Each structure stands twice: as structure tokens, then as C-alpha cells.
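Novice: Numbering (this note's numbering), first residue to last: 1445 to 1995.
This is the structure:
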């Protein structure tokens, strides 16, 4: 609207509402603090060129989606994140999920696996199998995928610091199943920069970690061409308390760092960029989340085309997996989480995600029970097969509000990227604590809004009522840790230890040099060297990272 038309509309239609809002000093804004007008009209998109800024689905800058027909051609991948206890227990859950209609596997690893310790290490005590499955050696990977042919499934592995080792185990398992590396399909998260920013499961300092990340890029470009070599993750950045714009800006800044590191390592951008993928959070503020995904696609397309001079259209595409917001789940009135998850999943699909995990309502208490995870899968199936949302590509495109939000988020995220560039790039900015401080500040503001009652969380600070006790929670078998320790000891006893030692020595030599580390890691894995033994070699060469202090 022009100023006179908007003022007239305010005075006639919203006079009483605006008066009450002014009296209460109330400001309408998104979860991230973007101020919201009471209504949007064509005049609010002054300077907006639909063809230039949004275009058509499947065409640059991909605001409306990376495929022309999106879900009319193929539904998003239903990929539930799962893992707990031993490989046997998680294998049973995977087979159950596949029977329920899940179309892709996503592995949750326990904390010792994530930070490179075997289950019998002193630091692993009490953590084995608790927040994911314990994987110490190729033997565990063999059990994890028993009865699941790797040429028939797409597998995502949420693993970062130890990504080269777990990917090598998957490749080795494929060979044992008769599946060549070129036939494997899936993703390793392999995004260690966000660990320093938001999550904390790093092992080595940023620069040697970046080397391992780009070694995976180069190796897979030649040997595992269908593998997504990284899932550049905004999810954990948002879970740590960032705004939507920070999630975009910090994630894409990390992406820029990975692309530049690969180019500096001698890779041509179009040889690896088409296999880059992203991982975003879908939070509960519905319209902001839809706009966030559209803005991220458009911004990344411009970065790849203009900044890195990528020529292949697939290099411009931001393909992403989405998980609904774990931080939005409440222990109070936990069945409300089913509604929250459904809204978040709807935002992800209307925003054009390529695959989706829906959280289970009981996750504020424990790893998901079978009942809860079935509801989560059915949520996606109802959306995909009953709701009609898959019938039209980008159905909210052209909405004055959505397009305005998309522009605002793109602009603010771009400002964060410019600020990070000014600090020397993502790695240098992390070392200076920039992203960490920004996230801490926004998280603090958000929590204060909840505690003051300015932001309502149903069942937590308003509409509070007694709620039924949750039953049927999943409990990790307390004997799982001992069972896992025994299997790892058995592997060490049965393997050819002279071969193991030779492979570990070769890995140390490679780590001290400049050759790609993946072939040496694969040799270690195939000799049944354990994850901890491999990581100990790399710790010896690369040292370990200490916590960044942010003031």
C-alpha cells in the first residue's frame, strides 16, 4: 500500500485494534523479531521483480523450488532420524520404520561415536547407546544394516568430526554386500564448523577438520558420485537459539567456507558443488519458516553463480533436508507436540524441502517410542497423500506477506554474511567468537520473552493444566553398554592386529602429509581398526580443540 491508502485503512478498519496494541505497547513480530505489518498489498513489494526474484520452480534463482514439478514428480523423502542402544536394537527400529513406509534411513550415533571414542573408553562410560547407536568398528555397521541392502536405501548419517571413519565403514559394508561405491546413495553431515558454533561435538581444531571435510569432497567426487558429501547444517544453529536470519546467514557462510576450501585444495567448483546439501530447522512460526527456505535458496543460488562463478545449474541449487524443531517440544502437555510438529512439517513442505524428519511427541522425555515415531511418520503420510499440498508447486508463492518476508530474511541473512566476510570468513569469525555471541544474545532475548509472558508457549507459561503421565517411554537397556564393550573386545581379539597396526601407521603418515586421508581411513576400517584407534592417530597428529570462550 502507498502511505495514504495504508493510513486510511488503519483508521477505518483497524482503529480499535491498533489503539489497544498501542496502549499495551504491543508490537507484532515474527519469532525472530521481524516486525509484521497488519496487512500486505502489492505496494509493499515495491521494486520486486517476480521473474528476477522468484521466477519459476526449477529455474534460477530457485526461490520457488529446485525442481520444476517438485512433489508432483516425487514426494519428499520421509527420513526419520533414529538410533539407540546397540546395533541390533537400532536395526530392529530401522526395519520397523521401513515397514511403516519410511523411505530413507537416518542414523543417530551416540556421543562416544560422535567424538571418536570406543565404547570401552573411560570417557564413554554411561553414554554408550544413550542418544544414538554405538558404532565402534565395521562389525557394528554390519549388524546395523543386517537385512537392509545398501543399493535399495538412501542413508543419511548425522556425523561430523568422525565423518570420514563412518563413511569409510559404510563404503566397506557396501563392498561386502556386493555394492560398489558408485552405487551408494546418501549423505554424511560432515559439517564440523557448526560444531564450534552451536553443538560442541568437535575433536580437532577447525583447520585440520576442514581438511578432512574437503578430503571427503574430493574422494566422493571420484569414487562415490551419488553421495551428498556434506549437509551444511543450520538445524543445530537454530536449536542453540538463533533467529531465522542467523540460521540462514551462518549456515550459508559456513557453506562459503567449505566451497572456498575445496577450491583452494584444487577442486573445480562444478565437480563437487552439485553434491552439496543443506539441513535446516523448521520452527513453529509458520510463515516465517516458509519464507526462510525460499530466501535461503535464492541467496545460495546468487552466491554460487556470482561469487564462485559456478556454471552448472545444479551447482546453484540449494537442496535440503528438514527436521522439525526439537527445541519447540515441551515436557508439559506433551501431546501438544504433535500439533507443533505438524505445523512445522507443513512449513517445511510448503517451503520446498527434499526430505523431512518429523519429531516425536515424547522426545522431551526419552528417545522416541514406537507409538510416538509411528505418529510422526503418519503425520508426513497424511500431508503427502491426503492434504493436497503435494499437488501444487510453491502454493504460497506470490503471497504479498510471504514475498515480503522472503525479501526481508534474504536481506538480513546477507548482512550477516557480509559481517562474517569482514572478519575473515567463517573459520576466522568462529575463532573470534562472533557467531557464538550472536546466537547467545538471541537465545537470551527469546527466553526472556517466554519468562516475561510476552511470548506464549501453550502449556508452559499460559493455558497451563494438569496433563496425563506419559507411558510406554523407550528405555535403553542398561546391559547394552556391557554388550557393546564385549563385542568390541571380541573384534580386537579376532582381527589381524599386525594388519591393523600397519594401516594405522599408514594413516599417521598420510595425516602428516597432504594426501587425501580417505583411502588410508578406508584401509584402517577394512582391517577392523576401531573408531577410537583411528581417531587417536588423528588426535596425535592434529591435536584436539579446546572450548572457545565467548565474552
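Ideal placement from N, C-alpha and C gives every residue a C-beta, glycine not left out. Here the structure is a predicted model, which means the values were calculated and not measured.
1) In the DSSP output, what is residue 1765 paired with across the bridge?
2) Residue 1867 by DSSP, collapsed to three states: which one?
3) Mapping the DSSP letters down to three states, classify residue 1849 as helix, strand or coil.
4) Whose C-beta lies closer than 7 Å to the C-beta of residue 1771 among residues of the same chain, with five residues either side of it excluded?
5) Out of 1936, 1616, 1579, which one is the CA nearest neighbour of residue 1924?
6) When the distance is taken between beta carbons, is residue 1488 closer than 7 Å to residue 1848?
7) Between the Cα of residue 1475 and those of 1531, 1818, 1901, 1908, spot the shortest distance and give me the residue it belongs to.
8) Can you tell me whether residue 1560 is buried or exposed? The criterion is at least 16 other CB atoms within 10 Å of its CB, across all chains shown.
9) Would you mind stating whether residue 1903 and residue 1777 have Cβ atoms separated by less than 7 Å?
10) Would you give the residue range spanned by the beta strand (DSSP E) that residue 1675 belongs to?
11) Could you tell me whether the Cβ atoms of residue 1837 and residue 1517 are closer together than 7 Å?
12) Using C-beta distances below 6 Å, list every residue in its chain close to residue 1478, excluding the 5 sequence neighbours before and after it, in chain order.
13) Could you check what DSSP says for residue 1488 in three-state terms: helix, strand or coil?
14) Would you list the residues sitting across from residue 1548 in a DSSP beta bridge?
15) State whether the stretch 1552-1566 contacts the stretch 1876-1892, with contact taken as three or more CB pairs (one from each stretch) at a distance under 8 Å.
16) What does DSSP give as the partner residue(s) for residue 1473 in the beta ladder?
17) Taking all protein chains shown into account, do 16 or more other C-beta atoms lie within 10 angstroms of the C-beta of residue 1471, making it buried, or fewer, making it exposed?
18) How big is the Cα-Cα spacing for residue 1688 and residue 1763?
19) Is it true that the CB of residue 1766 sits closer than 7 Å to the CB of residue 1792?
20) Do residue 1796 and residue 1724 have their beta-carbon atoms positioned less than 7 Å apart in this structure?
21) So, with DSSP's three-state summary, where would you put residue 1560?
22) Alpha carbon to alpha carbon, what distance is there between residue 1813 and residue 1996?
23) Locate the beta strand (DSSP E) running through residue 1514, then write down its first and last residues.
24) So residue 1967 and residue 1947 are in contact, right, with Cβ under 8 Å, and what is the actual spacing, rounded?
25) Taking buried to mean at least 16 other C-beta atoms within 10 Å of its own C-beta, is residue 1564 buried or exposed?
26) Please classify residue 1977: is it buried, with 16 or more other beta-carbons within 10 angstroms of its beta-carbon, or exposed?
27) Can you tell me whether residue 1600 is helix, strand or coil according to DSSP?
Specialist: According to the structure data:
1) To locate residue 1765, count along the chain shown from 1; it is residue 321. BP columns for residue 1765 point to 1723, 1799.
2) Position 423 of the chain shown, counting from 1, holds the residue named residue 1867. Here residue 1867 sits in coil by DSSP.
3) Walking along the chain shown from the start, residue 1849 turns up at place 405. Helix, per DSSP.
4) In the chain shown, the residue the question calls residue 1771 occupies position 327. Cβ within range, chain order: 1683.
5) As a working note, residue 1924 is residue 480 in the chain shown. Of the listed residues, the one whose Cα sits closest to residue 1924 is 1579.
6) Position 404 of the chain shown holds residue 1848. Position 44 of the chain shown holds residue 1488. Yes, Cβ-Cβ distance for residue 1848 and residue 1488 is below 7 Å.
7) Within the chain shown, the letter at position 31 stands for residue 1475. Here the closest residue by C-alpha is 1901.
8) Along the chain shown, one-based indexing puts residue 1560 at 116. The residue in question, residue 1560, is buried, as its Cβ has 16 or more Cβ neighbours within 10 Å.
9) In the chain shown, counting from the first residue as 1, residue 1903 sits at position 459. In the chain shown, counting from the first residue as 1, residue 1777 sits at position 333. For residue 1903 and residue 1777, yes; Cβs fall inside 7 Å.
10) As a working mapping, residue 1675 is identified with position 231 in the chain shown. Here the beta strand (DSSP E) through residue 1675 covers 1674-1677.
11) As a position in the chain shown, residue 1837 is number 393, starting the count at 1. As a position in the chain shown, residue 1517 is number 73, starting the count at 1. Not a contact, by the Cβ cut-off of 7 Å.
12) Position 34 of the chain shown, counting from 1, holds the residue named residue 1478. Closer than 6 Å at the Cβ level, and outside the excluded window around residue 1478, lie 1852.
13) To locate residue 1488, count along the chain shown from 1; it is residue 44. Of the three classes helix, strand and coil, the one that applies to residue 1488 here is helix, per DSSP.
14) Counting from 1 along the chain shown, the entry for residue 1548 is found at position 104. Answer is 1523, bridged to residue 1548.
15) no
16) On the chain shown, position 29 is the one that residue 1473 refers to. Beta-bridge pairing links residue 1473 to 1479.
17) The residue given as residue 1471 occupies position 27 in the chain shown. Result: exposed.
18) Locating residue 1688 in the chain shown gives position 244, counting from the first residue. Locating residue 1763 in the chain shown gives position 319, counting from the first residue. If I take the Cα positions, the gap works out to 18 Å.
19) Your numbering for residue 1792 matches position 348 in the chain shown. Your numbering for residue 1766 matches position 322 in the chain shown. Closer than 7 Å, so yes.
20) As a position in the chain shown, residue 1724 is number 280, starting the count at 1. As a position in the chain shown, residue 1796 is number 352, starting the count at 1. Not closer than 7 Å, so no.
21) As a first step, residue 1560 is located in the chain shown; it is residue number 116 there, counting from the start. In this structure, residue 1560 counts as coil in the three-state DSSP scheme.
22) No answer is possible for residue 1996: the residues shown for the chain start at 1445 and end at 1995.
23) For this step, residue 1514 is matched to residue 70 along the chain shown. Neither: residue 1514 is in no beta strand (DSSP E) and is coded neither H nor E.
24) Taking the chain shown and counting its residues from 1, the one referred to as residue 1967 is at position 523. Taking the chain shown and counting its residues from 1, the one referred to as residue 1947 is at position 503. That belief holds up - the Cβ atoms of residue 1967 and residue 1947 are roughly 5 Å apart, short of 8 Å.
25) Here residue 1564 corresponds to residue number 120 of the chain shown, with the count starting at 1. Classification for residue 1564: buried.
26) One-based indexing of the chain shown puts residue 1977 at position 533. By the 10 Å Cβ count, residue 1977 comes out buried.
27) As a working note, residue 1600 is residue 156 in the chain shown. Note: residue 1600 maps to strand in three-state DSSP.
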